[in-house]
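Trainee:
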Amino acid sequence: MRQCPISFSPKFTMQATRNVLEDIDLMVYDMAGTVVAEGGIVYKTLQGAMIEDGIHVETHEMHPWHGAKKEAVIEHFARRAGTPEAEMEERVTRVSDWFVGKIDDAYFGESSPIDYIDDNLMGYFKQLKAAGIKISLDTGYPPNIQQGLVEKLGFDKIVDAYVSSYQVAEGRPFPYMIYRLMERTGVMDVKRVCKVGDSVRDIEEGRNAGCGLVVGVLSGADSYEDFMAAGADLVCNNVTDLPVPQNRVQFV
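Counting along the sequence shown from 1, when you hit position 217 you're at 423 in the working numbering, and nothing is skipped either side.
#1: Quick one: using the 10 Å Cβ neighbour count with 16 as the cut-off for buried, is residue 277 buried or exposed?
#2: Report, in whole angstroms, the separation of the C-beta atoms of residue 384 and residue 366, which I expect to be a contact under 8 Å.
#3: Report the partner residues of residue 232 according to the DSSP bridge assignment.
#4: For residue 371, does the three-state DSSP call read helix, strand or coil?
#5: Out of curiosity, what's the CA-to-CA distance linking residue 321 and residue 359?
#6: Within a Cβ cutoff of 6 Å, which residues of the same chain sit near residue 314, ignoring the five residues on either side of it in sequence?
#7: Check this for me: beta carbons of residue 237 and residue 391, under 8 Å apart or not?
#8: Beta-carbon separation of residue 305 and residue 227 under 8 Å?
#9: Ignoring anything shorter than 3 residues or poking outside the segment 232-260, list the beta strand (DSSP E) runs there in chain order.
#10: Terminal residues of the continuous alpha helix (DSSP H) containing residue 288?
#11: Is the separation between the beta-carbon of residue 240 and that of residue 402 shorter than 8 Å?
#12: Taking the alpha-carbon positions, what's the residue 319 to residue 311 distance?
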């Protein structure tokens, strides 16, 4: 366990890290493992959905697909399993429908473990908003699952925008969700956008978009070494470790 909650690439000094959000107007957060604690249910359920349909997938094989659009994961393993192209669409749809049904039960049933990644998350978001920084969410979840989580956790009361990979041409590592969120929040300069996520695909998404700051968090899928190799600027234990720029706080 690192003593300092933030580790940064050599181009950042400690002083720069304290003011790292000074020139940021929009935060783009991944959901599962980044702002939502869900215990890896989504990947266990997706693996189970494929196995249920006769597609053999080892647990360790799921790791590189964290953050990917679920249909892309299913198609990859279905093709590896020898699924004929003529049957591919039907099989992907069938597995995806099974997955969505199971994840809906797991996330929104009475025994759902879904919670904030940090008890102080909503308070932290309020501090960012007070500093004039907009908050947005992107995800590989289908839109109905994303909407359900946004409402369940009350994100709809504080975030400025959210988007699913199903609502753009391609999900991560393509940059299109970030651009859509910029459009929805009226942010023109991608250098004033900070992308935060728990997977290498989040880092790649931020880099491909040209974000001014790309941050990996250790609360989910990948490691410090993975993030730095992918080009992260900073790595934090948790999203709330990023300091709010105090000289931007607007007192009303």
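Ideal Cβ placement from N, Cα and C applies to all residues, glycine included.
Mentor: Straight from the coordinates:
#1: When all chains shown are included, residue 277 counts as buried.
#2: About 14 Å separates the two Cβ atoms, so there is no contact after all.
#3: DSSP, once it has assigned bridges, lists 340 and 399 as partnering residue 232.
#4: In the structure shown, residue 371 sits in a helix (DSSP, three-state: H, G or I).
#5: Distance from the CA atom of residue 321 to the CA atom of residue 359, rounded to whole angstroms, is 7 Å.
#6: These residues qualify, in order along the chain: 354.
#7: A distance of 8 Å or more separates the beta carbons of residue 237 and residue 391.
#8: No, the Cβ-Cβ distance between residue 305 and residue 227 is not below 8 Å.
#9: Runs of the beta strand (DSSP E) inside the segment 232-260: 232-236.
#10: Unbroken run through residue 288: none, as it is neither H nor E.
#11: The Cβ atoms of residue 240 and residue 402 lie closer than 8 Å to each other.
#12: One alpha carbon belongs to residue 319, the other to residue 311, and they sit about 11 Å apart.
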